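Enquirer: Under the working numbering, the first residue of the sequence shown is numbered 1419, with each subsequent residue one higher.
Backbone N, C-alpha and C define an ideal beta-carbon position, used for all residues, glycine too.
All values derive from a computational prediction rather than experimental measurement.
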Amino acid sequence: MRHLIVSCDGTWNTPEIASVTNVRRLHNALDDKDEDGNRQLGYYQPGVGSSGGLVGRLLGGGAGVGLERQVQDAYHWLTTRYEPGDRIALFGFSRGAYTVRSLAGMVAACGLIETNGLSEAMTWKKIDQIYRRRYRARRKGDTGWRRGLSFRFDPDDKAGFPVHFIGVWDTVGALGVPDYLGWLNLLDRSSRHDFHDLTLNPYVRHARHALAMDERRGPYAPTLWTESAPKRGIGPKQVVKQVWFPGSHMDVGGGHLQRGLSDCSLQWMIDEAREAVNLGFRKTTIDQIRPDPLDVLHDDDRAMFGLLEPLVDPVLRPWLEVFLAPQPRAVPLIDPYDRDPVLHESVYERHQNAPITSGPYRPTVVLAPGESKTVTVFSYDPWNETGLYLEEGEYEFVAVGEWTDRGIPSGPAGTTGLRQFNPMTEGLRILGTFIGYSEKFFRKVSGNEAAKPIGSRREADLPWMSLVGVVANNAVPVRKALRTHERIAIGGGTVHRVTKSGYLYAFANDAWGFYGNNEGSVRLTVTRKS
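(1) Rank 1583, 1520, 1810 and 1754 by C-alpha distance to the C-alpha of residue 1549 and give the top, closest one.
(2) With a threshold of 6 Å on Cβ separation, who are the neighbours of residue 1570 within its own chain once the five nearest residues in sequence on each side are excluded?
(3) Between which two residues does the beta strand (DSSP E) holding residue 1768 run?
(4) Kindly indicate the opening and closing residues of the alpha helix (DSSP H) around residue 1487.
(5) In the DSSP assignment, find the alpha helix (DSSP H) that holds residue 1521 and state where it starts and stops.
(6) Out of curiosity, what's the CA-to-CA distance linking residue 1709 and residue 1769?
(7) Run the CB neighbour count on residue 1537, radius 10 Å, all protein chains shown included, and call it buried at 16 or more, exposed below.
(8) State yes or no: is the C-beta of residue 1714 within less than 7 Å of the C-beta of residue 1676?
(9) In the DSSP assignment, the alpha helix (DSSP H) including residue 1693 goes from what residue to what residue?
(10) Return the CA-CA distance between residue 1906 and residue 1434, expressed in angstroms with no decimal places.
(11) Using only alpha-carbon positions, find the residue among 1783, 1746 and 1507 that is nearest to residue 1692.
(12) Compute the beta-carbon to beta-carbon distance between residue 1938 and residue 1782, rounded to the nearest angstrom, for a pair I have assumed lies under 8 Å.
(13) Measuring CB atoms only, is the stretch 1658 to 1677 touching the stretch 1629 to 1647, in the sense that at least three cross pairs come out at less than 8 Å?
(14) Consult DSSP for residue 1584 and reduce its assignment to one of helix, strand or coil.
(15) Keeping to the same chain, check which residues put their C-beta closer than 7 Å to that of residue 1891; ignore five residues upstream and five downstream.
(16) With 16 as the cutoff for other CB atoms within 10 Å, does residue 1756 come out buried or exposed?
(17) When we look at the beta-carbon of residue 1946 and count the other beta-carbons within 10 Å, is it buried (16 or more) or exposed?
(18) Specify the secondary structure class of residue 1548 as computed by DSSP and reduced to three states.
(19) On the three-state DSSP scale, how would you describe residue 1613?
(20) According to DSSP, is residue 1703 part of a helix, a strand, or is it coil?
(21) Please state if the CB of residue 1466 and the CB of residue 1448 are separated by a distance shorter than 7 Å.
(22) Between residue 1765 and residue 1640, is the Cβ-Cβ spacing less than 7 Å?
(23) Between residue 1750 and residue 1758, how many whole angstroms is the CB-CB distance? I'm expecting something under 8 Å.
(24) Look up residue 1434 in the DSSP assignment and say whether it is helix, strand or coil.
(25) What does the Cβ neighbour count give for residue 1929, buried or exposed, with the cut at 16 atoms within 10 Å?
(26) Using a Cβ-Cβ cutoff of less than 6 Å, which residues in the same chain neighbour residue 1786 once the five nearest sequence positions on both sides are dropped?
(27) Any idea if residue 1915 is buried or exposed, counting beta-carbon neighbours within 10 angstroms, 16 or more meaning buried?
(28) Starting from residue 1447, trace the alpha helix (DSSP H) both ways and give me its first and last residue.
(29) Quick check on DSSP: helix, strand or coil for residue 1639?
(30) When burial is assigned at 16 or more other CB atoms within 10 Å of the CB, is residue 1398 buried or exposed?
(31) Mapping the DSSP letters down to three states, classify residue 1904 as helix, strand or coil.
(32) What is the rounded straight-line gap between the Cα of residue 1624 and the Cα of residue 1761?
(33) Among 1873, 1459, 1522 and 1566, whose alpha-carbon lies nearest the alpha-carbon of residue 1736?
(34) Using the Cα positions of residue 1678 and residue 1925, report the straight-line distance between them to the nearest angstrom.
(35) Residue 1459: which of 1815, 1697 and 1589 sits nearest, CA to CA?
(36) Spatial neighbours of residue 1463 within its chain, please: CB distance less than 8 Å, with the 5 preceding and 5 following residues excluded, ordered by chain position.
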């Protein structure tokens, strides 16, 4: 028995970057043998967008172009080395996590073909055959794809599935042009990438997923395993752990020079792999890991500009808002007195010990019936963290104060009545309103409910600069497996029943990219009624 270990890196990540990711660091830490003397063979794959010319790198990084080839390359390595009895472990970060989860799906659907006696060209021809005719087509009743093939692992042998461990950091499931970019999304056929199978096979014995609490970029929304546990009598006992860590996408998956946070999830993943499937790691290497829950929490967007960030950010930030459409993630309640195993210990340590670099981490208030809390909502912040965790129940919201948009004043109810049609003060907003009408038409015609044209207000059916609340709970179905958060049209005040618990955020209803010209704030009082 041998361990075959595949490690696929995230977008634009290579071994040559200044600070390698957790995928590369785990790969570097692998020993030649496990503690029982079984051999370990490792394969490392740089991330999509890390090779080719400028256009290829941009398409690979921005839209995941090239991921199909990544899956096939990793499959080639596996199928040319696998021997019956070998155990496979897969690791990945970001789109590399997507790659290894898709790879597991391909192995489940296509098996691992016999390549002995085949030339390199013929091996690739066979891999292309099964990829197109079986994995991509998903025609389970079509046995023609097997013609001329023999297998080292036959996909009909469900119980013999050789993937024993999948360990991923913050799986990014977005491929192609994001849906919210509306008309641009028409250039992107979903059939190019919707066939990838990311579900967790019931015969995978161990699966681990490290998730980022504080990542907000829309295209980086995580793809969790949501399948129910295997039915009795189907597959082995399966242990799945999806655990949240403090930090951004790269704070969890690695890539920053300050890696105290990412070392928390790296240490966790190595410990889990050793305990679950007895992978071997060099002690002198893993002793270099230094977890620090209080280390710097990064904004990955700003980190791109380095020392130029103070000069570049005011110019590019509005455009980043437009193209990234940030949104907080639905994360569990942080309650240090009733600890949830899906939150890593580092979350609680950071929560209870304010880091000197950033101050208190996610202060949390849970209201009992009859209790109230007042918070300030700033007009220039696209996502105001209120610190309120709203449990299911009925709440009253009351807002007072005044804020301005390019000098135009309004209260939390927003611009209403005849004022919203005044071309002297509302010219740009009127244009944005008409853009919003095109959004409604586009959504109806295309079926793309996430479309958000540039220049339209974030909530097209609510007044400009009205106060909007969002409970980050993934409670609202959009289509298929896509869900969004629960919106509350607060305005000057409202009563709303929260259908699923989550943290409350609030914002002024402006257009993405235009928050920089807003000033002022309003006071929001939330009272729990039941």
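Expert: Walking through what the data contain:
(1) Indexing the sequence shown from 1 puts residue 1549 at position 131. Out of 1583, 1520, 1810 and 1754, 1520 has the C-alpha closest to the C-alpha of residue 1549.
(2) The count along the sequence shown starts at 1 and reaches residue 1570 at position 152. Excluding positions up to five away in sequence, the list reads 1500, 1530 and 1532.
(3) Numbered from 1 along the sequence shown, position 350 holds the residue referred to as residue 1768. Per DSSP, residue 1768 belongs to no beta strand (DSSP E); it is in the alpha helix (DSSP H), 1763 to 1770.
(4) Taking the sequence shown and counting its residues from 1, one reaches residue 1487 at position 69. 1485 to 1497 is the span of the alpha helix (DSSP H), which, as asked, contains residue 1487.
(5) Position 103 of the sequence shown, counted from the first residue, corresponds to residue 1521. Element bounds for residue 1521: 1513 to 1528.
(6) Residue 1709 sits at position 291 when you count from the first residue of the sequence shown. Residue 1769 sits at position 351 when you count from the first residue of the sequence shown. Residue 1709 and residue 1769 have their C-alpha atoms spaced approximately 16 Å apart.
(7) Locating residue 1537 in the sequence shown gives position 119, where the first residue counts as 1. Using a 10 angstroms sphere on the CB of residue 1537, the tally of other CB atoms stays under 16, which defines it as exposed.
(8) Mapped onto the sequence shown, residue 1714 falls at position 296. Mapped onto the sequence shown, residue 1676 falls at position 258. Yes, these two residues count as a Cβ contact at 7 Å.
(9) Residue mapping note: residue 1693 aligns to position 275 of the sequence shown, counting from 1. Judged by DSSP secondary structure, residue 1693 falls within the alpha helix (DSSP H) whose first and last residues are 1678 to 1695.
(10) The sequence position of residue 1906 within the sequence shown is 488, counting from 1. The sequence position of residue 1434 within the sequence shown is 16, counting from 1. Spanning the two alpha carbons is a distance of roughly 47 Å.
(11) In the sequence shown, counting from the first residue as 1, residue 1692 sits at position 274. The shortest Cα separation from residue 1692 among 1783, 1746 and 1507 belongs to 1507.
(12) Residue numbering aside, residue 1938 sits at position 520 when the sequence shown is read from its first letter. Residue numbering aside, residue 1782 sits at position 364 when the sequence shown is read from its first letter. With a Cβ gap of about 26 Å, residue 1938 and residue 1782 do not count as contacting.
(13) yes
(14) Locating residue 1584 in the sequence shown gives position 166, where the first residue counts as 1. Assignment of residue 1584 by DSSP, reduced to helix, strand and coil, places it in the strand class.
(15) Translated into positions along the sequence shown, residue 1891 becomes position 473. Excluding sequence neighbours, residue 1891 sits near 1748, 1903, 1904, 1918, 1919 and 1920.
(16) Here residue 1756 is taken as the residue at index 338 of the sequence shown, counted from 1. So residue 1756 ends up on the exposed side.
(17) Translated into the one-based positions of the sequence shown, residue 1946 becomes position 528. Its Cβ being crowded by 16 or more others within 10 Å, residue 1946 is buried.
(18) Counting from one through the sequence shown, the residue named residue 1548 turns up at place 130. Three-state DSSP puts residue 1548 in a helix.
(19) For the purposes of this step, residue 1613 is identified with residue 195 of the sequence shown, where counting begins at 1. Residue confidence for residue 1613 is low, a pLDDT of 44 falling below 50, so the modelled location carries little weight; the figure read from the coordinates is stated next. DSSP places residue 1613 in coil when its eight states are reduced to three.
(20) Your numbering for residue 1703 matches position 285 in the sequence shown. Residue state, collapsed to three classes: helix.
(21) Stepping through the sequence shown from its first residue, residue 1448 is reached at position 30. Stepping through the sequence shown from its first residue, residue 1466 is reached at position 48. Not closer than 7 Å, so no.
(22) By one-based count along the sequence shown, residue 1765 stands at place 347. By one-based count along the sequence shown, residue 1640 stands at place 222. For residue 1765 and residue 1640, no; Cβs fall outside 7 Å.
(23) Residue numbering aside, residue 1750 sits at position 332 when the sequence shown is read from its first letter. Residue numbering aside, residue 1758 sits at position 340 when the sequence shown is read from its first letter. Contact holds; Cβ gap of about 5 Å.
(24) Here the question's residue 1434 lines up with position 16 in the sequence shown. Three-state DSSP puts residue 1434 in coil, outside helix and strand.
(25) What you label residue 1929 is simply residue 511 of the sequence shown in a count that begins at 1. The residue in question, residue 1929, is buried, as its Cβ has 16 or more Cβ neighbours within 10 Å.
(26) By 1-based counting over the sequence shown, the position of residue 1786 is 368. Result list for residue 1786: empty, nothing under 6 Å.
(27) Position 497 of the sequence shown holds residue 1915. Exposed: under 16 other Cβ atoms inside 10 Å.
(28) Within the sequence shown, residue 1447 is the residue found at index 29, counting from 1. Where residue 1447 is concerned, the enclosing alpha helix (DSSP H) stretches over 1440 to 1447.
(29) On the sequence shown, position 221 is the one that residue 1639 refers to. In this structure, residue 1639 counts as coil in the three-state DSSP scheme.
(30) Since the first and last residues shown for the chain are 1419 and 1948, residue 1398 lies out of range.
(31) Here residue 1904 refers to the residue found at position 486 of the sequence shown. Residue 1904 falls in the strand class under three-state DSSP.
(32) Residue mapping note: residue 1624 aligns to position 206 of the sequence shown, counting from 1. Residue mapping note: residue 1761 aligns to position 343 of the sequence shown, counting from 1. Approximately 18 Å between the Cα atoms of the pair.
(33) Position 318 of the sequence shown, counting from 1, holds the residue named residue 1736. Of the candidates 1873, 1459, 1522 and 1566, the one whose C-alpha sits nearest the C-alpha of residue 1736 is 1873.
(34) Residue mapping note: residue 1678 aligns to position 260 of the sequence shown, counting from 1. Residue mapping note: residue 1925 aligns to position 507 of the sequence shown, counting from 1. Going by the C-alpha atoms only, they are around 32 Å apart.
(35) For this step, residue 1459 is matched to residue 41 along the sequence shown. The shortest CA-to-CA distance from residue 1459 to any of 1815, 1697 and 1589 is the one to 1697.
(36) Looking up residue 1463 in the sequence shown gives position 45. These residues qualify, in order along the chain: 1424, 1425, 1426, 1427, 1488, 1491, 1492, 1514 and 1517.
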